[in-house]
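Here's the structure we're looking at; comments come further down.
In the numbering used here, the protein residues as written are 5 to 316.
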């Protein structure tokens, strides 16, 4: 279904007529859902989330009894916003990031932890649905993510269903202060089209500009690293990238190897079917153990324990 100009909500479970929703001319629900799904699917081929963690909506969207419809109405969600919630892909994992220190917002009925009467649902910040206090969710803006387990380094993906743009609100201001509209501090980064944003993340994974990492032993939380600009950790980011390449991630090196062996198929490139996921995970865990030991040594070197001589 083409939703470029108009979007249709699936019929509710109580048999109510299907409302007709007029959305912005640049907003294409199906295209945004497809780009998100493409990114999550590639991420699941690496060593963070698993394919089974991706929860796709039925073709006609999730029913009323699957989403917190009443709560979303109290929060000011319009028909077009709820329509996107019905169709958005979710990642059902609370400890595996889909971006740096970031998890998806999964709009199931158990999203809100307490009975409605115990707090005001019109405060989206209180219920971890909005990054800033004392603000209502603006008309048409659907939060797609939030910081993983409260990590203040996480990113809020804020989709504007009025025009198809996405604002990535993170911990830092990423645009000149004079560009931020008064009273709209959530616009801390310049918006881009949502499809371009998720396609860019897909390219970052494919080119290993971002590398997902497995959880270290006794630490279930996963991580993701950029492979550039890591400062003191750059050597470890370089090693993580080399591990992915050695485990046959689809890079130029693998392409050359397949060409020599007459296994390269230009119609099937890039492909992750040669990727040695289990081996990559094991080697990355070993690397993270060495990195943790190095970090401990660095802390001891920089902040040596105090020594106090006993008085005579």
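Using N, Cα and C, we set each Cβ at its ideal position, and we do this for glycine too.
Looking only at its own chain, which residues have a Cβ that is under 6 Å from the Cβ of residue i, when we skip the five neighbours before and after it?
| i | result |
| --- | --- |
| residue 187 | none |
| residue 50 | 216 |
| residue 243 | 291 |
| residue 174 | 159 |
| residue 300 | none |
| residue 41 | 93 |
| residue 201 | 170 |
Below 7 Å between beta carbons: does that hold for residue i and residue j?
| i | j | result |
| --- | --- | --- |
| residue 189 | residue 136 | yes |
| residue 193 | residue 171 | yes |
| residue 39 | residue 203 | yes |
| residue 44 | residue 93 | yes |
| residue 207 | residue 214 | no |
| residue 281 | residue 218 | no |
| residue 2 | residue 185 | It is not possible to answer for residue 2, since the shown part of the chain is limited to 5 through 316. |
| residue 228 | residue 101 | yes |
| residue 247 | residue 212 | no |
Buried or exposed: residue i, going by 16 or more other Cβ atoms within 10 Å of its Cβ?
| i | result |
| --- | --- |
| residue 245 | buried |
| residue 72 | buried |
| residue 108 | buried |
| residue 264 | exposed |
| residue 293 | exposed |
| residue 81 | buried |
| residue 304 | exposed |
| residue 302 | exposed |
| residue 271 | exposed |
| residue 307 | exposed |
| residue 267 | exposed |
| residue 260 | exposed |
| residue 138 | exposed |
| residue 269 | exposed |
| residue 87 | buried |
| residue 18 | Here the model assigns residue 18 a pLDDT of 38, short of 50, so the residue's position is not dependable and the matter cannot be decided. |
Which residues in the same chain as residue i place their Cβ atom closer than 8 Å to its Cβ, once the five residues preceding and following it in sequence are excluded?
| i | result |
| --- | --- |
| residue 258 | 249, 252 and 278 |
| residue 85 | 76, 144, 145, 146 and 165 |
| residue 151 | 105, 106, 107, 157, 158, 159 and 160 |
| residue 176 | 192 |
| residue 47 | 53, 102, 209 and 216 |
Apart from the five residues on each side of it in sequence, which residues of its chain come closer than 7 Å, Cβ to Cβ, to residue i?
| i | result |
| --- | --- |
| residue 97 | 53 and 57 |
| residue 275 | 254 |
| residue 91 | 33, 37, 61 and 65 |
| residue 238 | none |
| residue 234 | 241 |
| residue 178 | 192 and 193 |
Going by DSSP in three states, residue i sits in which element: helix, strand or coil?
| i | result |
| --- | --- |
| residue 188 | coil |
| residue 249 | helix |
| residue 224 | For residue 224, the predicted model reports a pLDDT of 46, less than 50, meaning its position is unreliable and no value from the coordinates is stated. |
| residue 305 | helix |
| residue 12 | The pLDDT assigned to residue 12 is 31, lower than 50, so where the model puts this residue is not dependable, and the model offers no usable value. |
| residue 171 | strand |
| residue 86 | helix |
| residue 240 | helix |
| residue 27 | Its pLDDT being 48, under 50, residue 27 is placed unreliably in this model, and the value from its coordinates should be taken loosely. Coil. |
| residue 230 | strand |
| residue 147 | strand |
| residue 178 | coil |
| residue 52 | coil |
| residue 211 | coil |
| residue 202 | helix |
| residue 273 | coil |
Less than 8 Å between the CB atoms is what I'm expecting for residue i and residue j, so what's the real figure, rounded?
| i | j | result |
| --- | --- | --- |
| residue 70 | residue 112 | 7 Å |
| residue 130 | residue 141 | Not a contact, Cβ separation roughly 12 Å. |
| residue 128 | residue 76 | Not really, about 10 Å apart at Cβ, beyond 8 Å. |
Any beta-carbon of chain D closer than 7 Å to the one on residue i?
| i | result |
| --- | --- |
| residue 275 | As a matter of chain content, chain D is missing from the structure shown, which is built from one protein chain. |
Sorry if obvious, but does the Cβ on residue i come closer than 6 Å to a heavy atom of the ligand SAM?
| i | result |
| --- | --- |
| residue 150 | The ligand SAM is not part of the structure shown, which contains no ligands of any sort. |
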